[in-house]
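The structure under discussion appears below in the form of structure tokens.
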């Protein structure tokens, strides 16, 4: 079974109420990047932390929590 390793998170979005990250895969070209559910990452994952440090205005877990409060 082939393992896929994320090299870098490039973007984030909220799609249908779920946070997703656009990832660049190790050993694959930029055309192979794809949106991956944030639930596949730990909140303290260094890739997630690095992404949000470099792009603090992009959607993150706090955005999802805010949307959930609005729906309640």
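Residue numbers (UniProt numbering): 1 to 72.
Heads up, the beta-carbon is just placed ideally off N, CA and C, and yes, glycines get one too.
### Query
Among the residues of its own chain, which have a CB less than 6 angstroms from the CB of residue 41, if the five just before and after it don't count?
As a working mapping, residue 41 is identified with position 41 in the chain shown. Cβ within range, chain order: 48.
### Message
Less than 8 angstroms between the C-beta atoms of residue 6 and residue 35, yes or no?
### Response
Here residue 6 refers to the residue found at position 6 when the chain shown is read from its first residue. Here residue 35 refers to the residue found at position 35 when the chain shown is read from its first residue. Their beta carbons are not under 8 angstroms apart, which means residue 6 does not touch residue 35 by this criterion.
### Query
Are the beta-carbon atoms of residue 56 and residue 14 separated by less than 8 angstroms?
Along the chain shown, one-based indexing puts residue 56 at 56. Along the chain shown, one-based indexing puts residue 14 at 14. Contact flag unset, no.
### Which residues DSSP lists as bridging residue 11, in chain order
Numbered from 1 along the chain shown, position 11 holds the residue referred to as residue 11. In DSSP, residue 11 forms a bridge with 22.
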